[in-house]
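Here is the structure we will look at, set down as structure tokens.
Protein chains in written order, with my numbering: chain L, 226 to 387; chain V, 164 to 266.
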């Protein structure tokens, strides 16, 4: 009886030893979830809780945005389902570092904010919820200055579940 | 457990085009269930796309992003066969991550 337990114990120790060696030497990949999960510390909490487009832009970027015809906001003129409205933003403005999507009539205007590192194209496609017929505003930071373009969407069935 | 992230990255003429679909309820916190109770907000806050230890795209999402969010973005500097890591974390601290190879 004691022998059996010893055998089992020794097998366990041997198994752990082999596993430990394999993990330690990098033969077996060991994914640490915490290390690969992105950092939510710079998620702009206040900006996501601000109603109104101008106030949100101010909260997010600390400046006003001027209209630009170099930003293209592609979305349907009429959205049949306000819960899923595809939006694509692209711009020819230079040195873009940020893009934001705002839905004017939503309870909080900011829907999404993107960081565009160097080497990444100033392009993003996403799907947003819209509570009702609304202006959608794309804000782009180019050479440190904020620019915006607006497109109106008629929403037939509101996207907030109401 | 299967990943919540489905991704396809294709390289063409120096530009990698990435499309991702993430399975996530993206509950806004504004919707009530049939009993009249508010379904608490549960949505992805940050999603990153990483190539060779560099973030090539960072998305800060709020509850107005649709359920099962779709994302398309484009970037330079990567080649076919390179590996990308796509990760997200939500407002409850849950997270997921997956790798993809550029085709």
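The beta carbon of each residue, even a glycine, is placed where N, CA and C say it ideally should be.
query, result
"Flag residue 166/V as yes if its beta-carbon sits less than 8 angstroms from any beta-carbon of chain L, otherwise no.", "no"
"For residue 287/L, tell me which candidate among 378/L, 370/L and 381/L has the shortest Cα-Cα distance.", "370/L"
"What residue ranges within the segment 298 to 332 of chain L form continuous beta strand (DSSP E) runs of no fewer than 3 residues, ordered along the chain?", "310 to 316 and 321 to 328"
"Step through the CB atoms of chain V and report whether any lies within less than 8 angstroms of the CB of residue 350/L.", "yes"
"Which value, in whole angstroms, describes the spacing of the CA atoms of residue 343/L and residue 283/L?", "24 angstroms"
"In the segment 302 to 336 of chain L, which residues sit with their C-beta less than 8 angstroms from some C-beta in chain V, listed in chain order?", "308, 309, 310, 311, 313, 328, 331, 332, 333, 335 and 336"
"Buried or exposed: which applies to residue 377/L, given that a residue is buried once 16 or more other Cβ atoms fall within 10 Å of its Cβ?", "exposed"
"When you compare the CB of residue 300/L with every CB in chain V, is at least one pair closer than 8 angstroms?", "no"
"If the criterion is Cβ atoms closer than 8 angstroms, does the pair residue 173/V and residue 183/V meet it?", "no"
"Any idea which residues DSSP pairs residue 280/L with across the strands?", "Its beta-bridge partners do not exist; DSSP assigns none."
"Can you name, in chain order, every residue of its own chain whose Cβ lies under 6 angstroms from the Cβ of residue 357/L, other than the five neighbours on each side?", "330, 380 and 383"
"Report all residues from its chain with a CB closer than 7 angstroms to the CB of residue 252/L; omit the five preceding and five following residues, and keep chain order.", "Because residue 252/L sits at a pLDDT of 46, beneath the cut-off of 50, its placement in the model cannot be relied upon, and the following sentence gives the value as read from the coordinates. Nothing listed; no residue qualifies."
"Straight-line CA distance for residue 179/V to residue 199/V?", "46 angstroms"
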